[in-house]
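This report concerns only the one structure given below.
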Amino acid sequence: MFSFMREQFSGLFVSTAAHALLLMLLSVSLMSSPPRPALRQIAIEATVIDEGALKRAQEDWRQQVQLEEERREEQRRRAAMEEQRLKERAEQERLQRIRLKEETEKKAEAELQRKAEKEREDLARVEQERQAEEQRRKDAEQARLRAEREAELLVAMEAEERLMAAEQAGLLAQYIGAIRQKVERNWVRPASADASLECIVHVTQIPGGEVVGVRLG
């Protein structure tokens, strides 16, 4: 539309200028030439220019230029708005990708920590079981050794008791014989006593063979 109006206005302007120039040339030629015999009339085709139409055409052209500029300005404004919208959308998408990446990394880190904690717990449980088993083994070994020592001690004590009993039995017989001989040597029979008279002597003896008491009865 704008190009069409411009072409119409340019054509109108050129046509008007050409006719005006032709009229000026004719006027100058008539004024400078000497009187000549009447010439034959020549028909000249001229277009009458309406000044109001010219002004309206100019005003229409200015309006078209203004409208075109406004249209271009509106296009630039919309393009800027669209560019800003796309930038904001791209920024939101970038931030969303960052958030998703951070969430993914946090989840992965949490999963690693959970697995590490479970592994530590499993190792601790295995170690506790191993220590408990080791303690049971040590307790059983100590109980076995203690039972063996007690059995060996019991056997030794029994052997010692038997030895002591055997020794004491031999010493007792010796002590009885020695005491009997000493009592008989020191016994003074009364003159009026019957030959069948017997006397019971109670002797108290401590370990080591020492006599600490004698009682008749």
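Going letter by letter, the sequence shown gives residues 0 to 216 in numbering that gives the first Met the number 0.
No residue lacks a Cβ here, since even glycine has one placed at the ideal position from N, Cα and C.
Note that the coordinates shown come from a computational prediction; the quantities given were computed from them, not determined experimentally.
Cα separation between residue i and residue j?
i    : j    : result
E157 : L144 : 20 Å
A168 : R214 : 23 Å
K137 : Q112 : 37 Å
Q65  : R71  : 10 Å
Q57  : L94  : 55 Å
E120 : E149 : 42 Å
K54  : Q63  : 14 Å
E81  : K105 : 35 Å
M4   : D59  : Interpretation of M4 is limited by its pLDDT of 44, a score under 50 that renders its predicted location unreliable; the figure taken from the coordinates is listed afterwards. Computed Cα separation, rounded: 8 Å.
E132 : A139 : 10 Å
R98  : K114 : 24 Å
Q74  : L85  : 16 Å
A172 : I205 : 15 Å
T103 : R96  : 10 Å
Q141 : Y174 : 47 Å
E197 : L170 : 25 Å
A164 : G176 : 18 Å
E128 : K117 : 16 Å
A185 : S191 : The sequence shown places Asn at residue 185, rather than the Ala named in the question. Near 18 Å, if we compare the C-alpha coordinates of S191 and N185.
Q91  : R77  : 21 Å
Measure the Cβ-Cβ separation of residue i and residue j and say whether it is below 8 Å.
i    : j    : result
V200 : V187 : no
Near residue i, which residues of its chain fall below 6 Å by C-beta distance, leaving aside the five closest residues on each side in sequence?
i    : result
L122 : none
G212 : T203
Which residue's Cα is closest to the Cα of residue i: the options?
i    : options            : result
E209 : E110, L66 and I178 : I178
Who are the Cβ neighbours of residue i in its own chain at under 8 Å, not counting the five residues just before and after it?
i   : result
R61 : none
L38 : Confidence is the limiting factor: at L38 the pLDDT is only 48, short of 50, which leaves the residue's position unreliable, though a coordinate-based value still follows. Within the same chain, L38 has no close Cβ partners at all.
To which residues of the same chain is residue i closer than 7 Å at the C-beta, ignoring the five residues directly before and after it?
i    : result
L152 : none
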